[in-house]
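There are 4 protein chains.
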Amino acid sequence: MKIKAGVIGASGYAGCELVRLLLQHPDVELMAISSHQYTGTYFYDLYPSFYQVCDLKFVENEEVIAQSDVIFASLPAGYSEPLARACFDAGKKFIDLGADFRLDDKDVYQQWYGQAYEDLELHKHQVYGLSEWHADQIKDAQIIGNPGCFPTSIELGLYPAITNQYIDLKTIILDSKSGTTGAGKSLTENTHFPRTNEAFAPYKVGAHRHTPEIEQLLSEFAQEEVKVTFTPHLLPINRGIVSTIYANLKADVSLEDIHATYTKAYANQPFVRVLPLGKIADLKFVKMSNYCDISLHIDAHTNRLIIVSCIDNMVKGAAGQAVQNMNLMFGLDQSTGLLQIAPSF
Amino acid sequence: MKIKAGVIGASGYAGCELVRLLLQHPDVELMAISSHQYTGTYFYDLYPSFYQVCDLKFVENEEVIAQSDVIFASLPAGYSEPLARACFDAGKKFIDLGADFRLDDKDVYQQWYGQAYEDLELHKHQVYGLSEWHADQIKDAQIIGNPGCFPTSIELGLYPAITNQYIDLKTIILDSKSGTTGAGKSLTENTHFPRTNEAFAPYKVGAHRHTPEIEQLLSEFAQEEVKVTFTPHLLPINRGIVSTIYANLKADVSLEDIHATYTKAYANQPFVRVLPLGKIADLKFVKMSNYCDISLHIDAHTNRLIIVSCIDNMVKGAAGQAVQNMNLMFGLDQSTGLLQIAPSF
Amino acid sequence: MKIKAGVIGASGYAGCELVRLLLQHPDVELMAISSHQYTGTYFYDLYPSFYQVCDLKFVENEEVIAQSDVIFASLPAGYSEPLARACFDAGKKFIDLGADFRLDDKDVYQQWYGQAYEDLELHKHQVYGLSEWHADQIKDAQIIGNPGCFPTSIELGLYPAITNQYIDLKTIILDSKSGTTGAGKSLTENTHFPRTNEAFAPYKVGAHRHTPEIEQLLSEFAQEEVKVTFTPHLLPINRGIVSTIYANLKADVSLEDIHATYTKAYANQPFVRVLPLGKIADLKFVKMSNYCDISLHIDAHTNRLIIVSCIDNMVKGAAGQAVQNMNLMFGLDQSTGLLQIAPSF
Amino acid sequence: MKIKAGVIGASGYAGCELVRLLLQHPDVELMAISSHQYTGTYFYDLYPSFYQVCDLKFVENEEVIAQSDVIFASLPAGYSEPLARACFDAGKKFIDLGADFRLDDKDVYQQWYGQAYEDLELHKHQVYGLSEWHADQIKDAQIIGNPGCFPTSIELGLYPAITNQYIDLKTIILDSKSGTTGAGKSLTENTHFPRTNEAFAPYKVGAHRHTPEIEQLLSEFAQEEVKVTFTPHLLPINRGIVSTIYANLKADVSLEDIHATYTKAYANQPFVRVLPLGKIADLKFVKMSNYCDISLHIDAHTNRLIIVSCIDNMVKGAAGQAVQNMNLMFGLDQSTGLLQIAPSF
């Protein structure tokens with residue numbers, strides 16, 4: 348019998364991508380979708396790709412929850428708690444693509460998101476959904492805080508280097524670049540075509556909300572507090588993230604050894620590809636797919652490790668990883684329905 | 348048992364797309380691929396999307412033919428005949444993505460391609476692979492001339508209008524625009540990024556090789572000779588074709604009637620979507636998919652019909668339609684392995 | 348002494364482009380700029396290119412008029428009349444980049460723009476500002492209706508063909524493609540980057556407001572009523588228009604003769620370049636410049652003339668032509684301040 | 348009397364941009380241009396923007412030198428020495444846009460460029476042409492090594508921070524992103540449109556030839572040896588560089604103080620704009636112009652300085668700075684002919 352799935356907040360980009368992946372998932376039936384703004388509208392009126400493919404209309408959140416075993420939510424910060432509570436109490440699984448169930452520390456959440464956790468008891472049940480790191484906890488979880496897009500690329504990129512103590516934790520610099528879908532479906536000056544096209548710049552320098560999430564995970568890897576400098580940039584493309592990660596090497600470790608460690612660390616992970624030495628990861632080759640490509644480099648004359656980590660921000664960085672987590676939660680092979688190959692052009 | 352498939356000329360863009368589609372096809376096993384230039388190289392070295400996904404190396408053409416039940420070829424004009432003959436004699440099926448088996452008239456081929464058909468007997472067995480028009484012949488064919496990208500968009504766009512005698516055949520003007528993958532993988536001045544990006548122009552005005560192919564099919568629809576003006580343009584994007592088609596309406600037929608005729612004509616075709624009146628087809632919503640979206644319009648004050656027809660040039664315009672034809676030839680549902688939904692961004 | 352110039356509605360794209368051109372014009376002093384929405388703001392806060400280059404703040408319309416000899420207005424339809432009246436009565440020159448002074452027929456204006464001319468007397472003084480066609484009237488005019496972007500490309504492309512009676516006036520089809528700045532600075536779904544990028548489609552098929560303007564001018568060229576089919580398309584680039592123009596040739600005229608006629612017609616026009624036969628006009632080579640490039644082609648087997656006409660929609664299609672008209676009105680060489688060369692990449 | 352200028356290697360992108368700037372320079376007459384590959388061809392056949400604007404044909408190098416007071420050369424590494432010698436002996440000025448006269452240390456040149464300086468005496472006369480740093484030497488120089496594009500953005504970005512000893516010199520990380528014109532006019536896999544478009548990645552990680560040039564200048568600023576990690580990335584746009592520069596702050600200096608220092612350092616430099624605090628530099632607003640925009644940021648929780656420095660790689664990063672140096676060498680105001688305002692879209 349198929350898993351009954353629903354999507355709350357399906358009118359946004361992550362929601363749209365969830366609908367696309369769930370419709371093509373062999374073990375899932377997409378039951379219902381909701382949107383505050385578009386209730387009553389056909390999904391294909393918003394996204395014409397789905398004309399004659401999906402006949403769902405946006406309904407109310409309550410109906411989505413009622414019809415589904417697993418509920419995905421893609422909402423602005425602060426809106427997920429009551430929905431997660433309703434699902435939790437009804438024994439359903441809740442996967443939140445927003446930020447409301449990612450941070451362990453309620454004060455950090457309040458500081459960065461300007462509002463407080465209301466239902467503190469609920470947060471005790473949340474599991475951070477980095478599939479490759481927390482798989483065992485994810486399997487048994489009822490509430491998943493699905494990772495942010497930048498954090499996913501960075502955490503997968505740094506995890507073996509940190510757990511193997513290769514790098515000086517005080518020297519981590521994260522220079523990330525994302526396509527514009529990361530900014531969402533809402534119209535903004537910064538995503539107006541004539542403004543964005545043929546432009547490039549960083550944004551929210553030293554002040555992006557993904558910083559505490561990244562630091563939480565890196566600290567968990569390191570078993571000590573880690574602070575980072577994180578600078579996101581907006582690329583004039585639709586999809587994809589490249590994180591260029593810098594850190595001083597602690598000791599005299601060779602690139603070959605680091606590469607072997609990474610290869611081993613991800614040997615059983617279907618979606619993390621450690622590229623052969625000499626290759627450089629490019630978001631081109633993970634676009635539309637759930638893969639994370641990682642390439643490893645050393646700047647010998649300064650003895651710095653440079654890690655290039657690429658994902659599709661809408662797939663592995665959002666909807667794809669959410670489906671991967673659903674697979675884990677329902678005992679499926681984690682790659683079910685997610686093996687789309689990135690088109691090469 | 349799975350269909351054993353092989354791709355000759357797999358290093359080009361259409362070949363790459365075939366590999367991507369065949370690897371994801373539930374009833375196919377991709378046995379072997381060849382490339383004149385890259386024999387011995389891993390496919391993923393050319394297209395890193397396939398790293399850890401496909402371990403095939405390019406081999407010789409002969410090996411591809413030997414291992415396969417169906418052979419796809421994507422080669423420059425003039426190279427397919429001997430390969431098709433070898434397949435034909437061995438009782439295998441041959442689907443040619445080039446131009447060598449599309450034209451009925453050997454003189455027209457020679458005029459536009461500068462070389463002659465050598466194996467005239469072989470061409471008696473060729474079937475033009477417009478899946479929606481020639482399905483019955485395709486089912487029994489051993490050699491398919493897979494349609495060109497521009498012709499596919501135009502022929503599907505015009506077929507109901509012509510067979511229903513709605514338009515004056517002397518007034519057909521075809522203004523087509525294609526993404527750059529249509530120009531192929533070879534490096535050219537016209538596809539050098541700084542030259543192509545933020546540029547736009549027609550090319551080969553009044554002289555594109557797809558003109559005789561289009562006229563052959565439109566004449567077949569009309570049962571009389573049709574001549575057209577066809578102007579291709581190069582869009583600074585990767586994929587997709589929009590053909591804007593103009594023709595004078597012959598009589599006083601309403602847009603609603605024309606729309607009803609089109610809807611009926613394509614009612615049982617899974618890949619042709621006639622959009623509701625008032626919508627305008629956009630290549631955005633067919634990209635990466637095998638769909639052809641058609642929208643219908645009348646310019647009332649000049650009594651002209653305007654048809655907008657969109658496809659992905661690499662899928663419905665090449666590899667996707669080739670797989671659709673393979674499905675027909677092997678008795679599968681024609682949509683098997685081809686129901687990927689176009690991402691909306 | 349320099350011409351004192353002002354710009355009303357300077358916060359939009361055409362306004363911004365006017366500021367850029369006027370600041371670099373050797374015989375102009377830019378006195379004041381206005382914007383309904385941004386009064387009190389520095390221009391460079393809206394357009395950071397102008398930081399340390401231009402210290403103007405947006406002021407009230409009245410102040411712009413008071414300080415200037417010539418006033419450019421770039422406003423939505425219906426807002427220009429009272430401003431033009433104020434300038435007219437004060438003996439100042441008024442160049443309107445909107446649509447309010449382009450159409451001769453008040454009923455046509457009302458039909459397409461949904462509102463009426465109020466000050467009918469004022470419209471008797473308006474001159475349509477196609478610099479190459481109406482130069483003599485422009486020189487003496489006080490009120491200019493600066494042409495629309497699409498009409499400029501089309502009218503310059505067709506003028507010699509029509510006045511020389513080469514074409515069948517009933518067969519004119521205009522397939523135009525424009526960059527996104529043509530849609531303006533306002534945020535819209537159709538110019539949201541992830542929507543627009545890697546997309547392409549026509550819009551307002553058979554219903555674009557530039558149609559009556561085009562027909563007015565072509566009828567003026569022909570001295571009889573001309574009706575056209577005009578289809579605009581949105582290109583995923585910032586700037587530039589390509590109009591591909593089709594018409595049946597009336598008699599047996601050679602391409603060489605047509606080319607000679609065009610070359611002669613534009614011999615003394617500094618901004619219209621008739622390309623050598625065999626070349627194809629590309630918007631790439633007119634971007635950021637005031638040039639209109641025209642290439643000429645015949646589709647011999649249908650005896651159709653194909654004219655490709657390219658401009659930068661923001662320069663020759665808006666601000667540049669406005670400055671060219673100002674030059675004519677003040678007795679300067681019409682190319683003064685406008686000889687920027689299009690960058691080739 | 349005008350300066351007689353010539354360009355050797357004018358067929359490449361930097362050469363084309365030099366032609367564009369020199370043609371519009373009020374005190375220059377462009378006498379002759381050369382190209383090894385295109386001798387005898389009209390410049391406008393290569394770059395149609397120049398049709399009816401510039402009637403020069405490519406001639407031999409000797410003719411360029413003979414006709415000019417100042418010779419610009421834009422050639423692959425190793426080709427400039429004999430030409431510079433010929434100019435030097437003839438008492439002419441030579442501005443090299445390549446790498447042959449940038450590096451002080453012949454061994455470093457040989458290590459990175461794989462060939463030796465031949466004419467060692469000549470290199471004693473070379474001056475590194477960072478206009479804002481070496482203006483006094485440039486004025487009297489006969490041979491200029493015009494800076495590389497990445498180095499220009501980085502050196503201008505770091506100069507006040509280093510000379511004021513704000514930063515720990517061992518912690519400098521340079522994450523740079525460049526448009527594709529930086530890769531030149533030659534066709535390469537990496538600049539083939541379907542490959543480059545919608546892609547993004549670093550290249551030559553830890554191994555780019557601009558590294559020694561950057562280190563030479565930063566060491567000169569610091570009066571001690573500086574080593575850096577420099578990672579270039581290829582942006583899918585035509586023009587512009589953003590360098591995101593990271594360094595640990597040495598002491599407790601405020602962002603306001605650093606900003607004041609930068610503002611003062613560049614107060615008399617017409618082409619370096621230190622943006623107000625709170626703004627972030629974007630290559631959009633320097634494109635097609637000679638400006639370098641710098642924004643300053645501190646990541647407080649790690650006490651790192653983040654400098655964002657943007658230029659147009661073809662203007663301030665190549666042809667524009669070369670003309671700026673010519674202006675200095677001939678006693679003109681350094682901004683003559685270079686005050687083009689960046690279009691904002």
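Chains as they are written, first to last, in the numbering used here: chain A, 348 to 692; chain B, 348 to 692; chain C, 348 to 692; chain D, 348 to 692. Quick reminder that beta carbons are idealized off the backbone N, C-alpha and C, glycines included. Quick caveat: nothing in here was measured; it's all calculated off a predicted structure.
- When DSSP states are grouped into helix, strand and coil, residue 595 (chain B) belongs to the strand group.
- Cβ neighbours of residue 360 (chain A) within its own chain (closer than 7 Å, five residues either side excluded): 528, 531, 532 and 661.
- Shown here, residue 401 (chain D) sits in coil according to DSSP, grouped into three states, outside any helix or strand.
- Taken in chain order, the whole beta strand (DSSP E) runs of length 3 or more contained in the stretch 363-411 of chain A are 375-381.
- If you check each beta-carbon in the stretch 376-401 of chain D against every beta-carbon of chain C, the ones closer than 7 Å belong to 394, 395, 396, 397, 398, 399 and 400.
- When DSSP states are grouped into helix, strand and coil, residue 638 (chain C) belongs to the coil group.
- Per DSSP, reduced to three states, the secondary structure at residue 419 (chain C) is strand.
- In the three-state scheme derived from DSSP, where H, G and I count as helix and E and B as strand, residue 556 (chain B) is classed as coil.
- In this structure, residue 636 (chain B) and residue 668 (chain B) do not form a Cβ contact; the two beta carbons are roughly 12 Å apart against a cut-off of 8 Å.
- Within the stretch 537-561 of chain C, the residues whose Cβ lies closer than 7 Å to any Cβ of chain A are, in chain order, 538, 539, 540, 541, 543, 544 and 545.
- For residue 580 (chain D), the enclosing beta strand (DSSP E) has its first and last residue at 576-581.
- The criterion of a C-beta distance shorter than 8 Å is satisfied by residue 654 (chain D) and residue 505 (chain D).
- Closer than 8 Å to the CB of residue 630 (chain A) there is at least one CB belonging to chain D.
- Rounded to the nearest whole angstrom, the C-alpha separation of residue 520 (chain D) and residue 592 (chain D) is 6 Å.
- In terms of beta-carbon proximity, residue 655 (chain D) lines the interface with chain A, with at least one pair separated by less than 8 Å.
- Taking C-beta separations shorter than 6 Å and ignoring five residues to either side along the sequence, the partners of residue 397 (chain C) in its chain run 390 and 391, following chain order.
- About 7 Å separates the Cβ atoms of residue 440 (chain C) and residue 416 (chain C), confirming a contact at the 8 Å cut-off.
- When C-beta distances to chain D are compared with 8 Å, every residue of the stretch 657-681 of chain B stays at or above that value.
- Our two residues, residue 488 (chain D) and residue 472 (chain D), have alpha carbons roughly 7 Å apart in a direct line.
- For residue 534 (chain B), at least one C-beta of chain D is nearer than 8 Å to its own C-beta.
- Counted as a single uninterrupted DSSP element, the alpha helix (DSSP H) harbouring residue 454 (chain D) occupies residues 453-460.
- Here residue 539 (chain C) is bridged, per DSSP, to A:539.
- Residue 508 (chain A) is not a Cβ neighbour of residue 548 (chain D), given a cutoff of 8 Å.
- Between the alpha carbons of residue 494 (chain A) and residue 574 (chain A) lies a distance of about 18 Å.
- Pairwise C-beta distances place the stretch 635-649 of chain C in contact with the stretch 564-578 of chain B, as three or more of them are shorter than 8 Å.
- When CB distances to chain B are screened at a threshold of 9 Å, the residues of the stretch 568-602 of chain D falling below it are 583, 584, 585 and 586, in chain order.
- Here DSSP, grouped into helix, strand and coil, assigns residue 506 (chain D) to helix.
- Sequence-distant Cβ neighbours of residue 536 (chain B) in its own chain, meaning closer than 8 Å and more than five residues away, are 542.
- Against chain A, the CB of residue 497 (chain D) has no partner CB under 8 Å away; the residue lies outside that interface.
- With a cut-off of 8 Å on Cβ pairs, the stretch 417-431 of chain B is in contact with the stretch 351-358 of chain B, counting three or more such pairs.
- The alpha-carbon separation between residue 612 (chain B) and residue 480 (chain B) amounts to approximately 11 Å.
- With 16 or more other Cβ atoms inside 10 Å of its own Cβ, residue 585 (chain B) counts as buried.
- In this structure, residue 650 (chain A) keeps its C-beta atom at 8 Å or more from the C-beta atom of residue 615 (chain A).
- The beta-carbon separation of residue 525 (chain C) and residue 579 (chain C), rounded to 6 Å, stays under the 8 Å limit for a contact.
- Nearest C-alpha to residue 412 (chain C) among C:402, C:382, C:388 and C:395: C:382.
- Contacts between residue 688 (chain D) and chain C, judged by CB atoms closer than 7 Å, involve 367, 370, 371, 396, 397 and 400 in chain order.
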